[in-house]
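Peer 1: One structure coming up, written as structure tokens, with questions to follow.
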Amino acid sequence: MPEPKTSSYLDSLNDVQRQAVTTIDGPVLVVAGPGSGKTRVLTFRIAHIIEQGTAPWEILALTFTNKAAREMKGRIEEVVGKRASYIWAGTFHSLFARILRVEAQHIGYPSNFTIYDTDDTKSLLNSIIREFNLDPKVYGANAIKNRISSAKSSLITPKLYEKNEELLAQDKLANMPLVYKIYTAYVARCKKAGAMDFDDLLFRLFELMQNVPEVVQKYREKFKYVLVDEFQDTNTLQYAIIKKLVQYPDSPRNICVVGDDAQSIYAFRGATIQNILDFEQDFGQFGIQTFKLEQNYRSTENIVNTANAVISYNKRQIQKSIWSDKGVGDKIRVIKAVDDNEEGRRVADTILEQKNRYHLQNNDVAILYRTNSQSRIFEEYLRRFNIAYRVYGGQSFYQRKEVKDLIAYLRMVVNPNDEEAFRRSINHPKRGIGGTSVAKVTTLARQQNLTLFEALKHVDLPKRTRHAADGYIHVIEQAMAKADTANAYELADLIAKGSGLTDMLRNDKSIEGMGRLENHEALLDGIKSFVEDDTVIDTDTLPDKSLATYLQNIALLTDADESDSTNTDVVTLMSVHAAKGLEYKSIFVVGLEEKLFPSWMSMDSMEGLDEERRLFYVAITRAELYLTLSYANTRYRYGKMVMNEPSRFLAEVPADAVENTTGGGRRSNDFEFDKVARQREHRARVTGVTPNKRRGTARFAAPKVDPATFEPSPITEVETGRRVLHLKFGEGKVLHVDGGADNRIATIHFSDLPQPEKRIMLKFAKLQVLD
DNA sequence: ATGCTGCATATTTTT
DNA sequence: TATGCAGCAT
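Here UniProt numbering is used: the first residue of the first sequence is 1, the next is one more, and so on.
If you want it as structure tokens, here you go:
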């Protein structure tokens, strides 16, 4: 007797989806084409497992992004209620870190281990390279980081690396025969510092499961059902861990992986579709059940057919036929521009045209490019056309220097062995402890096998430097003494003040300096709201609201987690990679030229080109209704004009899906189109000058003043009483000017700011005098 | 120890 | 074009 309640959510699924949801026992492979309701299947499946009597905490659901995890949890909650919060749903890295905190002692790590981010890794590698007296030009930190990362992802320890002829040969060829030594040292130094990098979170867990039977046993019993999202993006190491969990004698093998080989775009990071093929191999004898979600609910037939045609040029793929019943839809438009400027203008103009013709909102539109550097020109023209936009990508809040500087201190308090945090904080703010002193500390640490922080206490230093060092030690130890009782905010506040970081930033009156201060304060505010937030964070080991818990939370949070005010109506600009999983009514895929898309770096191998093609496939399948492709004959790259052929991918788009642009008639049409565009641009420029009055502009983009019309005046014209325009702050009135000759500082009242009075160094400022 | 200038350098990047 | 870092001058 099926319960009537159960049927309610199952009713909204198609046949294949429903089978994929209700077949919960044994190995299951779900091949999910773009827009095929993959997330629905995954969430309903988990809900179904719970409805069938499994406890939420016995379910492990692995995703790649925090965002995907949050979304999944939210949607499960809609079906099963609050119980959803007990599901082990999260990213590989965050869930594994959580397990490692509990089990760390088995592998000689403290449970408060630090997580090294990419910058920490590179900086540590650079120290090692310097200590080995190797040429940092030959031994590039980035290249070595990638070597080490891919070694770890392929389960190759330093010992194995040392014996691996192939890897050694590759290194020799790259003129870096000593990579294995660096790898060995790097691993040792991480361990010494009580730190794990992103790969270690996976690798160490694997090691743990490999070497400590009680631990594997424990988690095998705990997780009754395991689900993996975006399986095509997993690497060998991730798959190895999954197998550890579900592949053992007498295992029920309740494993479900969901993915799409055609959307695998992270091979350059070690992801391999081979995992999908291996999965079929590894679990085949245990009655694997495969479901193919082939109906695309997102896009028109024209778009789906184009995507199918394009991807068919790839050799290796899982057979499937994606289809849509949403009607043929509009043809695909191709914009040919003579140069990158024209491309920008034509795209902006087409957006306006589509907004009018199809009543689209800015929100319905996204511009996708291969490289982030392409965004600039589009930003320029969107501003000129008065279209609000937002650029995704680039560096996140937690990557900023000033933010990382304070965090380095906090990390020292939690784990004083953290070498990178030490290096970062020891002379920041400048207290006169430079390279020479740090070298002394390092030597002593090496000799006596001390951590850097311990060595600093005992090292012989000149009086002045000793004094500075004691000050530093005092700040850290003072906070450490309170770490058990004080919450994260109290400690952070103590350190921000005690270290002199806040003062240093306050004293910097430059515009950039003010931005830094703002970020510094935003970080403190963030910590405060973390402390005040009443949701309990499940860490198993760390005390709630503690600094350690806070750090653990942010370490794995790089994502666009920055309270993304989704309500604002803006056009989205981002790389194709960043667009995965998203959808828009109208999509512009731009810069479709050889050597750009496909990227020149990928063009020398078949695999590289196939991955670029999958990337193109991902790009076009983001579109629901309208797809526009564009390219330019010439564009500026690194300041040089370059000429490129149209992308080969354009030739792979079926001609009958494209709006007819052949023949001379279209050319005159193009010309008209351009003329109209220029007129519009002109109007927008004329009306666009009125600053500070635009509605619905994005937080990060579209400044109050239009840079296109902004003309800085000579600083001699900035005088008391004058009205001036500032690029960031808008319109203001000069209250007075002081300082002599070269160092004139103007105090200006900007009425649009929360704190209207700003002191601005005229030497650096760009101000336009208005009257 | 620090600050500046000149030069080499240059995908994509869930964590 | 923009950025970051190495080497030099202070």
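Ideal Cβ placement from N, Cα and C applies to all residues, glycine included.
Could you give the distance in angstroms between the alpha-carbon of residue 577 and the alpha-carbon of residue 225?
Peer 2: Near 30 Å, if we compare the C-alpha coordinates of residue 225 and residue 577.
Peer 1: Taking residue 100 as the reference, which of 113, 89 and 30 has the closest Cα?
Peer 2: Minimum Cα distance to residue 100 is reached at 113.
Peer 1: Based on Cα-Cα distance, which residue from 300, 109, 528 and 733 lies nearest to residue 585?
Peer 2: Here the closest residue by C-alpha is 300.
Peer 1: Have a look at residue 234 and residue 265 and give me their C-alpha separation to the nearest angstrom.
Peer 2: In a straight line, the C-alpha of residue 234 is about 11 Å away from that of residue 265.
Peer 1: Using only the alpha-carbon positions, how far apart do residue 363 and residue 568 sit?
Peer 2: Taking the straight line from one Cα to the other gives about 8 Å.
Peer 1: For the beta strand (DSSP E) containing residue 90, list its first residue and its last residue.
Peer 2: First-last of the beta strand (DSSP E) with residue 90: 88-91.
Peer 1: Roughly how many whole angstroms lie between the Cα atoms of residue 302 and residue 332?
Peer 2: So the two alpha carbons sit approximately 8 Å from each other.
Peer 1: Among 770, 593, 75 and 237, which has the Cα closest to the Cα of residue 150?
Peer 2: For the residues 770, 593, 75 and 237, the minimum Cα distance to residue 150 belongs to 237.
Peer 1: Whole-angstrom Cβ separation of residue 454 and residue 120, contact assumed at under 8 Å?
Peer 2: About 20 Å separates the two Cβ atoms, so there is no contact after all.
Peer 1: What is the rounded straight-line gap between the Cα of residue 413 and the Cα of residue 282?
Peer 2: Cα-Cα distance, rounded: 46 Å.
Peer 1: Taking residue 532 as the reference, which of 366, 489 and 91 has the closest Cα?
Peer 2: Closest by alpha carbon: 489.
Peer 1: With three or more beta-carbon pairs closer than 8 Å as the criterion, would you say the stretch 143-159 touches the stretch 114-134?
Peer 2: With a cut-off of 8 Å, the stretch 114-134 and the stretch 143-159 count as touching, because enough Cβ pairs lie within range.
Peer 1: Can you check which of these residues, 423, 30, 393 and 48, is closest to residue 11 by C-alpha distance?
Peer 2: Nearest option by C-alpha distance: 48.
Peer 1: Name the one or two DSSP bridge partners that residue 646 has.
Peer 2: According to DSSP, residue 646 bridges with 593.
Peer 1: Please work out which residues of its chain come closer than 7 Å, Cβ to Cβ, to residue 635, disregarding the five sequence neighbours upstream and downstream, and give them in chain order.
Peer 2: 339, 340 and 642, listed in sequence order.
Peer 1: So which of 270, 250 and 292 has the shortest CA-CA distance to residue 259?
Peer 2: For the residues 270, 250 and 292, the minimum Cα distance to residue 259 belongs to 292.
Peer 1: Hey, would you say residue 610 sits closer than 8 Å to residue 314, going by beta carbons?
Peer 2: Cβ distance < 8 Å, so residue 610 and residue 314 count as in contact.
Peer 1: Is the separation between the beta-carbon of residue 368 and that of residue 574 shorter than 8 Å?
Peer 2: Their beta carbons are under 8 Å apart, which means residue 368 touches residue 574 by this criterion.
Peer 1: Please state whether DSSP places residue 318 in a helix, a strand or coil.
Peer 2: Residue state, collapsed to three classes: coil.
Peer 1: Give the secondary structure of residue 703 by DSSP, where H, G and I count as helix, E and B as strand, and everything else as coil.
Peer 2: Here residue 703 scores only 37 on pLDDT, less than 50, and its place in the model is too uncertain to base an answer on.
Peer 1: Ignoring anything shorter than 4 residues or poking outside the stretch 297-385, list the alpha helix (DSSP H) runs there in chain order.
Peer 2: Those alpha helix (DSSP H) runs which fall completely within the stretch 297-385 and span 4+ residues are 301-311, 340-358 and 375-384.
Peer 1: Let me make sure I understand the geometry here. Which of 633, 398, 628 and 545 has the alpha-carbon closest to that of residue 557?
Peer 2: Ranking the options by Cα distance to residue 557, first place goes to 398.
Peer 1: Assuming residue 521 and residue 583 make a contact with CB atoms under 8 Å, what is their CB distance in whole Å?
Peer 2: That belief does not hold up - the Cβ atoms of residue 521 and residue 583 are roughly 36 Å apart, past 8 Å.
Peer 1: Is the Cβ-Cβ distance between residue 444 and residue 467 less than 8 Å?
Peer 2: No.
Peer 1: Am I right that residue 318 and residue 571 are in contact with their C-beta atoms under 8 Å? What's the rounded C-beta distance?
Peer 2: So it is not a contact: roughly 34 Å between Cβ atoms.
Peer 1: Out of 550, 631 and 175, which has the shortest C-alpha to C-alpha gap to residue 598?
Peer 2: Comparing Cα positions, the closest option is 631.
Peer 1: Where residue 620 and residue 587 are concerned, what is the direct C-alpha to C-alpha distance, given to the nearest angstrom?
Peer 2: When rounded, the distance between both Cα atoms is 7 Å.
Peer 1: How would you call residue 736, buried or exposed, if buried means at least 16 neighbouring beta carbons within 10 angstroms?
Peer 2: Classification for residue 736: exposed.
Peer 1: So, is residue 428 buried or exposed, given that buried needs 16 or more other C-beta atoms within 10 angstroms?
Peer 2: Buried.
Peer 1: Quick one: grab the DSSP three-state call for residue 723.
Peer 2: Correct three-state label for residue 723: strand.
Peer 1: Taking 8 Å as the cut-off, does the stretch 92-108 touch the stretch 199-214 (at least 3 CB pairs, one atom from each stretch)?
Peer 2: The answer is yes - the stretch 92-108 touches the stretch 199-214, with three or more Cβ pairs under 8 Å.
Peer 1: Assign residue 268 to buried or exposed, taking buried as 16 or more other Cβ atoms, counted over all protein chains shown, within 10 Å of its Cβ.
Peer 2: The residue is exposed, with fewer than 16 neighbouring Cβ atoms inside 10 Å.
Peer 1: Pick out whichever of 605, 647 and 191 has its Cα sitting closest to the Cα of residue 596.
Peer 2: It is 647 whose Cα lies nearest to the Cα of residue 596.
Peer 1: What is the rounded straight-line gap between the Cα of residue 30 and the Cα of residue 308?
Peer 2: Rounded to the nearest angstrom, the two C-alpha atoms are 19 Å apart.
Peer 1: For residue 390, which residues does DSSP report across the bridge?
Peer 2: Residue 390 is bridged to 572.
Peer 1: State the DSSP-derived secondary structure class of residue 401, mapped to helix, strand or coil.
Peer 2: Helix.
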